[in-house]
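Okay, so here's the structure we're looking at.
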Amino acid sequence: MSIYTSSNPLDALAVENFREYLRIPSVHPNISYDASVAFLRKLAKDIGLQFKVYEHFPGKPVVVISWIGQEPNLPSILLNNHMDVVPASEEVWVHKPFAADIDENGDIYGRGAQDMKSGSIQYLEAIRRLKKDGVKTRRTVHVSFMPDEEIGSDAGMKDFANSKDFEDLHVGFAMDECFPNQGDVLAVATGEKATWQFRVHIPASSGHSSQLIQNTAGEKLHIVLGKFYNHRKEVLDKLLRNNLKQSDVVSINLTEIHGGVQSNILPSEIVMTFDCRFPIDSNLDDWENTLKSWCKEGGDDVWIEYLVKNASAPETKLDSSNPYWVAFEDAAKKINLKLRPQRLEGITDIRHVRSLGIPAIGFSAVYNTPNLEHKDNEFLNVDIFLKGITIYYNLIPAIANA
Ligand SMILES: [Zn+2]
Numbered sequence: 001m002s003i004y005t006s007s008n009p010l011d012a013l014a015v016e017n018f019r020e021y022l023r024i025p026s027v028h029p030n031i032s033y034d035a036s037v038a039f040l041r042k043l044a045k046d047i048g049l050q051f052k053v054y055e056h057f058p059g060k061p062v063v064v065i066s067w068i069g070q071e072p073n074l075p076s077i078l079l080n081n082h083m084d085v086v087p088a089s090e091e092v093w094v095h096k097p098f099a100a101d102i103d104e105n106g107d108i109y110g111r112g113a114q115d116m117k118s119g120s121i122q123y124l125e126a127i128r129r130l131k132k133d134g135v136k137t138r139r140t141v142h143v144s145f146m147p148d149e150e151i152g153s154d155a156g157m158k159d160f161a162n163s164k165d166f167e168d169l170h171v172g173f174a175m176d177e178c179f180p181n182q183g184d185v186l187a188v189a190t191g192e193k194a195t196w197q198f199r200v201h202i203p204a205s206s207g208h209s210s211q212l213i214q215n216t217a218g219e220k221l222h223i224v225l226g227k228f229y230n231h232r233k234e235v236l237d238k239l240l241r242n243n244l245k246q247s248d249v250v251s252i253n254l255t256e257i258h259g260g261v262q263s264n265i266l267p268s269e270i271v272m273t274f275d276c277r278f279p280i281d282s283n284l285d286d287w288e289n290t291l292k293s294w295c296k297e298g299g300d301d302v303w304i305e306y307l308v309k310n311a312s313a314p315e316t317k318l319d320s321s322n323p324y325w326v327a328f329e330d331a332a333k334k335i336n337l338k339l340r341p342q343r344l345e346g347i348t349d350i351r352h353v354r355s356l357g358i359p360a361i362g363f364s365a366v367y368n369t370p371n372l373e374h375k376d377n378e379f380l381n382v383d384i385f386l387k388g389i390t391i392y393y394n395l396i397p398a399i400a401n402a
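Right, dumping it as C-alpha cells:
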C-alpha cells in the first residue's frame, strides 16, 4: 500500500530509493550483502559517483562511494554508515519489517528505517542534488557502507579503519550515525564509552548435588557475581543521588549464564557473560586489573575470555581548533538547526576512526521522532526523511569546503 506522491520528482526518487533499500533484508544472522552491494552500485552509477568495494573478509564487503573534490589531495570527508540491521520479530510488527509500507500519516515502516538506512540514502540523495545544482567542493566526500556494525564490526569498521585501504582515503573528518532526536534539537556525539564484553569462566569440582562439597561453581559464582554487583550498586546509587548521565558512569550488566547438565549434578563449569561500558576518561588498564581481582576472589582458576574489548578513543573537540566543526556549526546556524553536543552511551563504528586521532562526530538529521532503533515497528516519517536530505545538502558542502 502506498499513498505517497510528490510533485517534486527528486523527492519521489529519494523515497523510492529509501523504500527499495529497506526491502533488502540485510538482517542478522548470516547476512548476504550481495543485494545491498548491487543496489548501492546501481545508485552510485545513477548519481554519477565513483564506486568501490573492498572485501577484506569473504562475504563482508565494505562499499565506498566517492564524490571527488576539486582538490583531491586535501584530507577527505567520510560519511560512514552500515548496511546491516538487527532482527525483527515479524509477528509483533504492524507492517512487515521488510516491506517498507507507508501508512496514511506518511510513516515508512521497516527494519533499518532509523538505524540506519535512512541516513545512508539521505547522504546519497543530498549529494545527487548538490551535483545537479552544480555545487563543487574542495575536498572529496566518501560515503562508506560497512558490514556487521550490529555484531561488533570485526569484519567491518574495526578492521577497515586499521587498513591501508582506509589510510588511502586520507580522511580528515568523519561523520556517522547518532540516535534519532525526539525533539527539534539535534545531538552531536563527540565521544563514546568503551565497550567490553567478556565471559567469566568458573571451573569447579563436580559431584553429586546431595553433598556439601567445597569449591563448587555455585559458591564461586556467588562471590564473583557479588563483586560485580556490589560495584554496580555503588555506581547506580551515585548515578541516582547525583543526577549523573549514563554516559558519565561505568555500566556493569550480567547478560548470560550457562552451565550444568542435570539437576542432581554439580556443574564442572559455569560461564557468566558481562557487558561493561566505560566512560571516556576511564583508565582501562586499571579496569582490567580490577576485573581480574574480582574473579580471583572466586578462585585462582576463574578466568576471563574477552569477546569485545574496545581501546579508549579520544573525544572529538568542538571548538575553534576543529575547522570542520566550525564549518558544520556555521552551516547549521544558517538553516536554524539547534545542536546539542553530548557523549554517547552506546557505541557506533565511528569510535574506530576516532581511535586513529581523526576528529569525528555522530549526527542524525532525524528529529521529532521517537527512538525506535532495535525496537518493533521501527518507522520514519517521509517528511522527516526528506527534510534530512535538505539538512545534509547544507552541511556536506560546508565541511567539504572547510
Ligand atoms: Zn546503527
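In this text, residue positions in the sequence shown follow the UniProt record's numbering: the first is 1, and each later residue adds one.
Every residue gets a Cβ at the ideal spot worked out from N, C-alpha and C, and that includes glycine.
Nearest-angstrom Cα distance between residue 451 and proline 180?
Only positions 1 to 402 of the chain appear in this structure, which leaves residue 451 out of reach.
Residue range of the alpha helix (DSSP H) that alanine 402 falls in?
No alpha helix (DSSP H) holds alanine 402; DSSP gives it neither H nor E.
Please work out which residues of its chain come closer than 7 Å, Cβ to Cβ, to tyrosine 393, disregarding the five sequence neighbours upstream and downstream, and give them in chain order.
Ala126, Arg129, Leu130
For glycine 119, the three-state DSSP class (helix, strand or coil)
helix
Which of the three DSSP states, helix, strand or coil, is assigned to isoleucine 252?
strand
Comparing alpha-carbon positions, which option in Met272, Ala327, Asn264 lies nearest histidine 222?
Met272
Do aspartate 330 and alanine 398 have their C-beta atoms within less than 8 Å of each other?
yes
Looking at the strands, I want to know which residues DSSP matches up with cysteine 276.
Trp196, Ile252
Return yes when the C-beta of methionine 272 is under 7 Å from any heavy atom of ligand 1, and no when it is not.
no
From the DSSP output, read off the bridge partner residues of alanine 360.
Ala174
So, threonine 255 versus phenylalanine 274, is the Cβ gap smaller than 8 Å?
yes
If I measure Cβ to Cβ from isoleucine 257 and keep anything under 6 Å in the same chain, skipping five residues before and after, which residues do I get?
Met272
Distance, Cα to Cα, isoleucine 108 vs arginine 41?
24 Å
Taking arginine 340 as part of the beta strand (DSSP E), name the residues at either end of that continuous run.
338–344
Which one or two residues does DSSP pair with lysine 309 in a beta bridge?
Trp196
In whole angstroms, give me the CA-to-CA distance for aspartate 349 and threonine 316.
15 Å
Looking at ligand 1, does it come within less than 7 Å of histidine 28, judged from the CB to the closest heavy atom?
no
Helix, strand or coil for histidine 231? Go by DSSP, reduced to three states.
helix
Whole-angstrom distance between tyrosine 306 and lysine 233, CA atom to CA atom:
23 Å
State the start and end residues of the unbroken beta strand (DSSP E) segment that holds leucine 380.
379–381
Run the proximity test for methionine 116: is its beta-carbon closer than 7 Å to any non-hydrogen atom belonging to ligand 1?
yes
Nearest-angstrom Cα distance between valine 382 and valine 92?
22 Å
Backbone CA spacing between isoleucine 3 and isoleucine 102 [nearest angstrom]
Note that isoleucine 3 scores 49 on pLDDT, short of 50, meaning its location in the model is unreliable; the coordinates nonetheless yield the value given after this. Rounded to the nearest angstrom, the two C-alpha atoms are 7 Å apart.
Euclidean distance between Cα positions of phenylalanine 57 and glycine 156
9 Å
Does any heavy atom of ligand 1 sit closer than 7 Å to the C-beta of glutamate 329?
no
What's the gap between the Cα of tryptophan 196 and the Cα of valine 308?
5 Å
Residue burial classification, aspartate 46 (beta-carbon count within 10 angstroms, cutoff 16)
exposed
Residues that DSSP places opposite glutamate 269 in a beta bridge:
Pro203
Residues of its chain near leucine 244, where Cβ-Cβ distance is below 8 Å and the 5 sequence neighbours each way are ignored:
Lys238
Go ahead and pull the three-state DSSP assignment for threonine 216.
coil
Is it true that the CB of lysine 338 sits closer than 8 Å to the CB of aspartate 184?
yes
I'd like to confirm something about histidine 82: is its beta-carbon nearer than 7 Å to some heavy atom of ligand 1, or not?
yes
Let me confirm a value: asparagine 105 is counted as buried when at least 16 other C-beta atoms fall within 10 Å, else exposed. Which label applies?
exposed
Could you tell me whether any non-hydrogen atom of ligand 1 is closer than 7 Å to the CB of threonine 369?
no
Establish whether the CB of leucine 10 and some CB of chain D are separated by less than 8 Å.
Looking for chain D here will not work: only one protein chain is present.
Under the three-state DSSP convention, the category lysine 45 falls into
helix
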